[in-house]
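First up is the structure itself, then whatever we jot down about it.
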Amino acid sequence: MTLIALWRTVAVAALLIVTAEAWASIESRSHRLWSRQQIQHLNASSNRTEQLSPAILELKSLIEDNPSINILFTQMLDDQVPHQPAFKTNPLNRTEIRNYHDLLCALNRIINEGLQWSTAANDLGLLAAPIVTILDYPMQTPAGYAAFLEPEVNRVMQNILNGWSSFLTSSQSARVLNSEQGWFSPSGLKALEATLNAPLNTHYKFEDFFQAPDPNATYYGFRSWDAFFTRQLKPGVRPLASPDDDDVIANPCEAQPYNMATRVPLRSKYWIKKQEYSVQDILGNDDLAGILENGTLYQAYLSALSYHRWHSPVSGTVVKVFVKEGTYFAEPLQEPSPTNASFIYDIQSRSLNNLNSQGYLAALNTRGIIFIEADNPAIGLMAFVAVGNYEVSTIDITVQEGQHIEKGQETGMFHFGGSAFVVLFQEGVEIEGFPSVDNTPNNVPVLGKLAVVKP
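Numbered according to mature numbering (1 follows the signal peptide of the UniProt record, and there is no 0), the sequence shown spans residues -24 to -1, 1 to 431.
Here it is as structure tokens:
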């Protein structure tokens, strides 16, 4: 972005100044309490004289050497987040970060520690999302919207997340799995087991669900945070729906329904408030996208407590696989309020896991795309898209082009955080029975029936 273009962006942003009244709609007492605790933790352990990691130094140089980026970071951290008392703390009730120096220190601390368990964070949808926590307000501002669409910012953020992933695959990261206050504490196991048992109303223990390396060892034998996060299910705990019936589509991920849409256009303005889906953008502008124009789409999202491996929804041949690099902390720009003219910038009330942005993120975030030619001719070519959200820095596809796969076969996994998936079917494929978006309070079990195709 040139300086002239940047100043145009700034001029537009100036017309969208965030009012304290509009921002207040996303505040809550528990929201502020949790964020204050987290910021105090960072403030106690971070200072401007500490040695910054190479990836953090790269972000520091980008902000200081690029005037356009410097303006955007200054605006999103200080100018466009109100200075009223309600905004002195961020979503986890830590002192709100107001300059890039403190942001760098906070990020440096985060990427050198594991992902802590917290009942409060889980209740707020911020579990395993410490970076989103400190960027929650800034990335919703006009300047934040512009900053996190910048290719150079995303390149550096990717490097930061990749560096963090090295720590999360190390033995040091396993310390957060402890049984005192960690993921295997009574409250942590209770939350994990409740999430896993809810879909089928079962009563399994954690060790009944998952293949633990050594159930009697420390941390069940998991040697890193990532090994725990990508844990495998035990055979039989999630039965495959109608293994011999190709008309039955299996649910590829353990996830909660977000949306179902029909006649999805090839291109649309997915960034507007309504967030229509755009097939070509979701599929990374691939040549095969046109085949799925005007088809049917289903999207669901995974929490940090979910099972994070993917499975094929159909039997068929893998036609194409690739990872489409994208953004990491982009949020849709809010439109002027249609109901209150005094609110120049309108932020809707929302839960802190940013569910209102899922359609937007499906077209922008880093995602793994798998095209499958189904054995069932009534389905034909379909696509599965694994969408990495925010802290999720690795999309791991484990199948190859030309490979024949069976319904329910593992096709890949997410690493390190919450995420979402999309499946797309061609126009003319008659599908019924998708889970109700409004009346499905729990995850739909992986490998269970997702929908049925009419022959």
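Yeah, the Cβ is synthetic: ideal placement off N, Cα and C, and Gly gets one too.
_Helix, strand or coil at H391 [DSSP, three-state]_ = By 1-based counting over the sequence shown, the position of residue 391 is 415. If DSSP states are grouped into helix, strand and coil, H391 belongs with the strands.
*Shortest alpha-carbon distance to K383 belongs to which of T370, L423, F401 and G404?*
By one-based count along the sequence shown, residue 383 stands at place 407. Looking at the Cα atoms, L423 is the closest of the given residues.
*Nearest candidate by alpha-carbon position, reference N138, set P30, Q275, G344 and N46*: The residue given as residue 138 occupies position 162 in the sequence shown. Among P30, Q275, G344 and N46, the Cα nearest to that of N138 belongs to P30.
_Closest to I407 by C-alpha separation, out of A396, A354, F392 and I381, would be which residue?_
Locating residue 407 in the sequence shown gives position 431, where the first residue counts as 1. Ranking the options by Cα distance to I407, first place goes to A354.
_DSSP state of F185 mapped onto helix, strand, coil_ = The residue you call residue 185 lines up with position 209 of the sequence shown. Here DSSP, grouped into helix, strand and coil, assigns F185 to helix.
*asked:* On a Cα-Cα basis, can you pick out the residue from K430, G260 and W140 that is closest to F360?
replied: The residue labelled residue 360 in the question sits at position 384 within the sequence shown. Of K430, G260 and W140, the residue nearest in Cα terms is G260.
*For V375, name the three-state secondary structure that DSSP assigns.*
As a working mapping, residue 375 is identified with position 399 in the sequence shown. Reduced to three states, the DSSP call for V375 is coil.
*Please state whether DSSP places L357 in a helix, a strand or coil.*
Here residue 357 corresponds to residue number 381 of the sequence shown, with the count starting at 1. In the structure shown, L357 falls within a strand segment according to DSSP collapsed to helix, strand and coil.
*How many angstroms separate the CA atom of R243 from the CA atom of S395?*
Here residue 243 corresponds to residue number 267 of the sequence shown, with the count starting at 1. Here residue 395 corresponds to residue number 419 of the sequence shown, with the count starting at 1. As the crow flies, the alpha-carbon of R243 is around 23 Å from that of S395.
_For a quick check, are the C-beta atoms of A97 and M52 less than 8 Å apart?_
Walking along the sequence shown from the start, residue 97 turns up at place 121. Walking along the sequence shown from the start, residue 52 turns up at place 76. Result no, Cβ atoms of A97 and M52 do not sit closer than 8 Å.
*If we count the other Cβ atoms within 10 Å of its Cβ and call it buried at 16 or more, is K300 buried or exposed?*
By one-based count along the sequence shown, residue 300 stands at place 324. By the 10 Å Cβ count, K300 comes out buried.
*If I'm right that V290 touches N352 with Cβ under 8 Å, what's the distance once you round it to whole angstroms?*
Residue mapping note: residue 290 aligns to position 314 of the sequence shown, counting from 1. Residue mapping note: residue 352 aligns to position 376 of the sequence shown, counting from 1. With a Cβ gap of about 7 Å, V290 and N352 count as contacting.
*Would you report the Cα separation of Q385 and H287, rounded to the nearest angstrom?*
The residue labelled residue 385 in the question sits at position 409 within the sequence shown. The residue labelled residue 287 in the question sits at position 311 within the sequence shown. Straight-line spacing of the CA atoms in Q385 and H287 works out to 5 Å.
*Using CA coordinates, which residue listed in L102, V108, Q92 and S94 is at the minimum distance from L83?*
Within the sequence shown, the letter at position 107 stands for residue 83. In terms of Cα proximity to L83, the closest of L102, V108, Q92 and S94 is V108.
*When you compare each of I381, E40, L168 and L79 to S94 by their alpha carbons, which one comes out closest?*
Position 118 of the sequence shown, counted from the first residue, corresponds to residue 94. Residue L168 is the option with its Cα nearest to S94.
*With a cut-off of 8 Å, do at least 3 Cβ pairs link the segment 223 to 235 to the segment 190 to 207?*
With the cut-off at 8 Å, the segment 223 to 235 and the segment 190 to 207 do not touch.
_Beta-ladder partner(s) of residue 478, from DSSP_ = The question about residue 478 has no answer here: the residues shown for the chain are numbered -24 through 431.
*Give the DSSP-derived three-state secondary structure of W286 in the structure shown.*
Residue numbering aside, residue 286 sits at position 310 when the sequence shown is read from its first letter. Correct three-state label for W286: strand.
*Could you spell out where the alpha helix (DSSP H) holding G164 opens and where it closes?*
In the sequence shown, counting from the first residue as 1, residue 164 sits at position 188. Run containing G164: P162 to N173, per the alpha helix (DSSP H) assignment.
*Among all the DSSP beta bridges, which residues are the ones paired with A396?*
Locating residue 396 in the sequence shown gives position 420, counting from the first residue. Beta-bridge pairing links A396 to Y277 and V363.
*Residues bridged to V429 (per DSSP)*: Residue mapping note: residue 429 aligns to position 453 of the sequence shown, counting from 1. DSSP, once it has assigned bridges, lists I407 as partnering V429.
*For C81 and L28, the rounded distance between their alpha carbons*: Here residue 28 refers to the residue found at position 52 when the sequence shown is read from its first residue. Here residue 81 refers to the residue found at position 105 when the sequence shown is read from its first residue. In a straight line, the C-alpha of L28 is about 7 Å away from that of C81.
_If you measure between the beta carbons of T117 and Q56, is that distance less than 8 Å?_
Against the sequence shown, residue 117 aligns to sequence position 141. Against the sequence shown, residue 56 aligns to sequence position 80. It is a contact, given that the beta carbons lie within the stated cut-off.
*Look at K210 and D184 and say whether their C-beta atoms are less than 8 Å apart.*
The sequence position of residue 210 within the sequence shown is 234, counting from 1. The sequence position of residue 184 within the sequence shown is 208, counting from 1. For the 8 Å CB-CB criterion, K210 and D184 form a contact.
*Mind checking K430: buried by the 16 CB within 10 Å criterion, or exposed?*
Position 454 of the sequence shown, counted from the start, is the residue given in the question as residue 430. Counting C-beta atoms within 10 angstroms of its own C-beta, K430 has fewer than 16 neighbours from the protein chains shown and is therefore classed as exposed.
*How would you write the range of the alpha helix (DSSP H) that T145 sits in, first residue to last?*
As a first step, residue 145 must be located in the sequence shown, where it is residue number 169. Taken as a continuous stretch (DSSP letters only), T145 belongs to no alpha helix (DSSP H), as it is neither H nor E.
*Please report the Cβ distance between F397 and C229, rounded to the nearest whole angstrom; I am assuming they are in contact, meaning their Cβ atoms lie under 8 Å.*
Within the sequence shown, numbered from 1, the residue matching residue 397 stands at position 421. Within the sequence shown, numbered from 1, the residue matching residue 229 stands at position 253. Yes, they are in contact, since the Cβ atoms of F397 and C229 sit about 5 Å apart, within 8 Å.
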